[in-house]
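Structure first, then comments.
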Ligand code: FAD
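Residue numbers (full-length UniProt numbering): 1 to 336.
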């Protein structure tokens, strides 16, 4: 809605990501950032949790900056029905009048938030990698890669409220936990909001997606330099020895050498592990967009001019089919 029709007195709302009944870590990242934004606006943080009934209360959210949790529990929220979730979030926005609404740019956030934006008649900046408050106007500055990742665009929403953005997981760190008071509200909602035309017949975990690489300390990624799909066996073995997961560049996913949930980059996942190993990956900007916040980057490439070396902390220049087996051998020896 236009700013003249709303006041934005309800502070910052965060829409929680719930997976298998549990609050996902990206919600804590976003709550931490929301706290920072709310402090600079002198306002509050409310986290919206939609989930199936559970025994525990999501009190951990208070540790990361929430003042209030709006908890909607209903067995019909066990599986994702985007329209039902969007209607509920939109209703809570109508009632709470937030100035800012944030959600993780996960599959759920990317599906639900556009519908919410349409229902509350405002805009949405998808897939942000930066958020701050404009000192002069108090507006939310929403930064995201544009034009294939070659420029960073900063977007403002001066005419409408709320200002809404989805944010890539791992963009912001989780703040150190701090004891603070908070309250849990269970809003009463009309039955009509739950009306659904979706029937869930079964739930299936996609093979190869059991572990989310965004949650791991070590990610070992393979690129087109592997030359053949079987090359990923080496990447897998190295990842296994390091208790990590397997990542992949987009061309290897397009060639079906690796499944999409493993893709790292602008059109894949953003990872921020302690160690990221890139083998046979050139380091295109679109790949860097997904991994350059890793703590330590180790690059293996036979081209000394490969752009990946510009962001690497450790550069191993040579043939990956020579280097990776030697790393595996050394780790095997160390593990006895
Ligand atoms: P290449 O660029 O072909 O690089 C292969 C590298 O392997 C080279 O540097 C080569 O020197 C090295 N090499 C070859 N043989 C060996 C060997 N034996 N030993 C060691 N090194 C060797 N890309 C992504 O990865 N993720 C994304 O999410 C993504 N999103 C995109 C979105 C858009 C809108 C666009 C336009 C592009 C996107 N891309 C993405 C594609 C990106 O631009 C690059 O094309 C891609 O990252 C290149 O993948 P690569 O490094 O595996 O392959």
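Positions of the beta carbon are idealized from the N, C-alpha and C atoms, including for glycine. As the structure is a computational prediction, the values presented were derived from the model and not from experiment.
Classify residue i as buried or exposed, calling it buried when 16 or more other Cβ atoms lie within 10 Å of its own Cβ.
i	result
residue 147	exposed
residue 56	exposed
residue 134	exposed
residue 314	exposed
residue 27	buried
residue 95	exposed
residue 301	buried
residue 138	exposed
Alpha carbon to alpha carbon, what distance is there between residue j and residue i?
i	j	result
residue 200	residue 267	28 Å
residue 204	residue 303	42 Å
residue 276	residue 331	16 Å
residue 339	residue 164	Residue 339 is absent from the structure shown; the chain starts at 1 and stops at 336.
residue 92	residue 186	11 Å
residue 102	residue 160	15 Å
residue 25	residue 306	34 Å
residue 51	residue 189	14 Å
residue 322	residue 228	15 Å
residue 63	residue 180	6 Å
Need the endpoints of the beta strand (DSSP E) that residue i sits in, please.
i	result
residue 31	Run containing residue 31: none in the beta strand (DSSP E); it sits in the alpha helix (DSSP H), 25-41.
residue 143	140-146
residue 130	130-133
residue 94	Residue 94 -> not in any beta strand (DSSP E); alpha helix (DSSP H) instead, spanning 82-96.
residue 221	218-222
residue 104	100-104
residue 152	151-155
residue 73	68-73
How about residue i and residue j: are their beta carbons less than 7 Å apart?
i	j	result
residue 166	residue 126	yes
residue 14	residue 37	no
residue 16	residue 47	yes
residue 272	residue 258	no
residue 140	residue 154	no
residue 280	residue 238	no
residue 169	residue 214	yes
residue 245	residue 226	no
What are the boundary residues of the alpha helix (DSSP H) that includes residue i?
i	result
residue 110	107-119
residue 61	60-63
query: Could you give the uninterrupted runs of the beta strand (DSSP E) lying entirely in the stretch 165-216, keeping only those of 3 residues or more?
result: Entirely contained in the stretch 165-216, the beta strand (DSSP E) runs reaching 3 residues are, in chain order, 183-185.
query: Which ranges would you report for the alpha helix (DSSP H) in the stretch 235-260 if only whole runs of at least 4 residues count?
result: Counting only runs of 4 or more, we get 250-254.
field: Ranges of the beta strand (DSSP E) found wholly within the stretch 254-322, counting only runs of at least 3
entry: With a minimum length of 3 residues, the continuous beta strand (DSSP E) runs that stay inside the stretch 254-322 are 275-279, 296-301 and 314-317.
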